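Worksheet: one structure, shown below.
Number of protein chains: 2
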Amino acid sequence: MFRGINPLSLDGKGRLAVPTKYRQPLLDTAGGQLVLTIDRDRCLLLYPLPVWESVERQLIQLSSTNSRARALKRLLLGHAEECALDASGRILLPAPLREFANLEKRVVLVGQGNKFEIWNEQAWNDWREALLKGGDDGESLPELDALAF
Amino acid sequence: MFRGINPLSLDGKGRLAVPTKYRQPLLDTAGGQLVLTIDRDRCLLLYPLPVWESVERQLIQLSSTNSRARALKRLLLGHAEECALDASGRILLPAPLREFANLEKRVVLVGQGNKFEIWNEQAWNDWREALLKGGDDGESLPELDALAF
DNA sequence: TAGTTAGTGGGGAAAAGTGGGGAAAAGTGG
DNA sequence: CCACTTTTCCCCACTTTTCCCCACTAACTA
Chain A
1 MFRGINPLSL DGKGRLAVPT KYRQPLLDTA GGQLVLTIDR DRCLLLYPLP
51 VWESVERQLI QLSSTNSRAR ALKRLLLGHA EECALDASGR ILLPAPLREF
101 ANLEKRVVLV GQGNKFEIWN EQAWNDWREA LLKGGDDGES LPELDALAF
Chain B
1001 MFRGINPLSL DGKGRLAVPT KYRQPLLDTA GGQLVLTIDR DRCLLLYPLP
1051 VWESVERQLI QLSSTNSRAR ALKRLLLGHA EECALDASGR ILLPAPLREF
1101 ANLEKRVVLV GQGNKFEIWN EQAWNDWREA LLKGGDDGES LPELDALAF
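Right under this line is the structure:
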């Protein structure tokens, strides 16, 4: 299960060095095969290939007449790129995806259970501050209000 | 069950020495494996690994399309770092988490039942004073009004 | 008062993150 | 189809962080 926040630098060639603690799990579960795609919040999502494949199956089954479903499919499926850990544990982020998420030098890799998110460091901090200041402003969700942790 | 308030110092490398009274319980229940994450009130939460894992299971099941649920997952899961008691009973607080909670030298470790909270000492005192002065200003909750203690 | 235990501080080896040279592969244009 | 440019990837070197270990001081106990 992937967790935690990792501040990292992209090198001049747009590569991201995956922190060592995640490498072995990624090799074990996916042979180092990964899939990158985009998220609505202008970050990238990084899945181990087998996990992505199950997400993909769900997406494909979504309605083709509902416009929100079509939009979601275009975003996720349409931007998905396969990539692999190289010999030194890095992945090359394709230029179009890098541009989409405004990734230049400082980025954060955020563990989210079965996947990672990759954010521009500044954008991540801004998002977090806005959330903490702004308080509750999303849709309601009953399970959320019942949560104790 | 963890209780009580413990004023402590971080050393120059950002390490926190867990008070001796908690060490054996932590070794017994979690093999010294702990998880640190952040809280909305700008403090850190420290869980024994097994306790955290049950929190995590709840989080993972939350919707990925609901924005409040995504936000909560990002905060809690996204900042969760596994760490272990070292040979001298200390844990290293990762720099990003230290920055988030403004932890430099003086901190307090507060027992909260199944977990701990770690506060900047000043922030803790201020928060408590503000609460005592300010009175009631949070959301309502039926169970709360029925509480006898 | 002496001995023991807890909290604090820091040196130094090992590991992880960062940066870039250069060969191989892929893409582009004539 | 070939030549040229760009991108990808392997490798090595440098810097920073992490972690193991030991030492010092303050407090409590006997």
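Protein chains in written order, with this note's numbering: chain A, 1 to 149; chain B, 1001 to 1149.
A virtual CB, placed ideally from N, CA and C, is assigned to each residue, including glycine.
Just so you know, these numbers come straight off a predicted model, no measurement behind them.
CB contact check: residue i to chain B, cutoff 7 angstroms
i: Gln112/A; result: yes
i: Glu139/A; result: yes
i: Ile5/A; result: yes
i: Phe149/A; result: yes
i: Leu131/A; result: yes
i: Leu144/A; result: yes
Spatial distance of residue i from residue j (CA atoms)
i: Asn114/A; j: Ala30/A; result: 12 angstroms
i: Leu49/A; j: Asn125/A; result: 28 angstroms
i: Val107/A; j: Trp119/A; result: 6 angstroms
i: Leu1027/B; j: Ser63/A; result: 51 angstroms
i: Ser140/A; j: Gly1012/B; result: 43 angstroms
i: Met1001/B; j: Ala69/A; result: 47 angstroms
i: Ile1091/B; j: Val1051/B; result: 18 angstroms
Cβ of residue i within 7 angstroms of any chain A Cβ
i: Ala1123/B; result: no
i: Glu1081/B; result: yes
i: Asn1120/B; result: no
i: Arg1057/B; result: no
i: Ile1060/B; result: yes
Closest by C-alpha distance to residue i, when choosing among the options
i: Lys21/A; options: Leu75/A, Glu81/A and Gly111/A; result: Gly111/A
i: Leu46/A; options: Val55/A, Leu34/A and Val107/A; result: Leu34/A
i: Ala1080/B; options: Ala1123/B, Arg1003/B, Ser1064/B and Glu1056/B; result: Glu1056/B
i: Ala87/A; options: Arg42/A, Arg15/A, Trp52/A and Ala130/A; result: Arg15/A
i: Ala1071/B; options: Ala148/A, Gly4/A and Arg128/A; result: Arg128/A
i: Leu85/A; options: Glu53/A, Ala130/A, Gly32/A and Asp39/A; result: Gly32/A
i: Ala1017/B; options: Glu1143/B, Asp1145/B, Gly1134/B and Cys1083/B; result: Cys1083/B
Residue environment, residue i, which counts as buried when at least 16 other CB atoms sit within 10 Å
i: Asn66/A; result: exposed
i: Arg1098/B; result: buried
i: Leu1132/B; result: exposed
i: Phe116/A; result: buried
i: Pro96/A; result: exposed
i: Gly1004/B; result: exposed
i: Asp39/A; result: buried
Same chain, Cβ closer than 7 angstroms to residue i, five either side skipped, listed in chain order
i: Leu76/A; result: Thr37 and Leu59
i: Lys105/A; result: Ser9 and Leu10
i: Lys73/A; result: Leu59 and Leu62
Sequence-distant residues of its chain with Cβ nearer than 6 angstroms to residue i (five each side left out)
i: Arg42/A; result: Ala101
i: Arg23/A; result: Gly89
i: Gln122/A; result: none
Close-in-space but distant-in-sequence residues of the same chain around residue i (CB under 8 angstroms, 5 per side omitted)
i: Pro1019/B; result: Asn1006, Leu1008 and Leu1109
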